[in-house]
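Numbering-wise, the UniProt record's numbering puts 8 at position 8 of the sequence shown, and it's gapless, one number per residue.
The beta carbon of each residue, even a glycine, is placed where N, CA and C say it ideally should be.
Report on the following structure.
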Amino acid sequence: MTPEVPTLLDDMAARTRELLEARGIEAPIVVGIHSGGVWIAEHLRERLGIQRPLGKLDISFYRDDFSRIGMHPQVRPSELPEDLDGEHVLLVDDVLYTGRTIRAALNELFDWGRPASVSLVVLVDRDGRELPVCAAVAGAHMELGLAEQIKLRGPEPLSLERVAVEPPEGADG
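Below you can see the structure in the form of structure tokens.
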């Protein structure tokens, strides 16, 4: 069964609030990764009562795996509300899978400045990591088969859907 997004968002907001309090962070900059991460970041920012403008990252040109995943980017400009030097950033994405999206997002963030800290918050943390990346807060943890993905549908209403995909070359089904 696929979890309900509003329930996950409520839980994520509570755990993110605890994380911020434990780290003494009062007013982080919330930055979502296009496009599902931006949808989640908007809802999370609202639930946390953060007044600072929402940041939006498009990491298309920072990816290192275009040819492998057959990605044809629709590039949008990144929008960050201010200089990131010394700021605490909540980096938000919909699904944490291989870690490559997050690596690319960190590269772009550091092109905008040197944050004091970056905390990763994701709706779904799934198996299949290729890089040593882990979320500080995850709404759900899921194990999926090689021929499965989890997709966020939205922007309104937000929902999660398991979808079948072709398994990678050389993978035994």
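- In this chain, the alpha helix (DSSP H) harbouring Met-12 covers 5–23.
- At a cut-off of 3 residues, the continuous stretches assigned as beta strand (DSSP E) that sit fully inside the stretch 48–133 are 55–57, 88–96, 117–126.
- Val-133 is classed as buried because its beta carbon has at least 16 other beta carbons within 10 Å across all chains shown.
- According to the DSSP assignment, Ser-159 belongs to the beta strand (DSSP E) that extends over 159–164.
- According to DSSP, residue pairing for Arg-153 in a beta bridge involves Ser-159.
- Here the alpha carbon of Gln-149 sits roughly 34 angstroms from the alpha carbon of Glu-87.
- Here DSSP, grouped into helix, strand and coil, assigns His-141 to strand.
- Less than 7 angstroms separates the beta-carbon of Leu-19 from that of Ala-136.
- Cβ contact annotation for Ile-40 (same chain, cutoff 6 angstroms, sequence separation greater than five): Val-92, Asp-94, Leu-123, in chain order.
- Contact between Leu-160 and Pro-6 is ruled out by a C-beta separation of about 11 angstroms, above the 8 angstroms threshold.
- With at least 16 other beta carbons inside 10 angstroms of its own, Val-118 counts as buried.
- Taking C-beta atoms as the reference points, Ala-105 and Ile-33 count as a pair closer than 7 angstroms.
- By alpha-carbon distance to Arg-103, the top candidate from Asp-125, Ser-78, Glu-130 is Glu-130.
- Around Leu-80, the same chain offers Gly-55, Trp-112 as residues with beta carbons nearer than 6 angstroms, after the five sequence neighbours per side are excluded.
- CA-CA distance, Met-1 to Asp-127, rounds to 17 angstroms.
- Ala-164 is a Cβ neighbour of Ala-147, given a cutoff of 7 angstroms.
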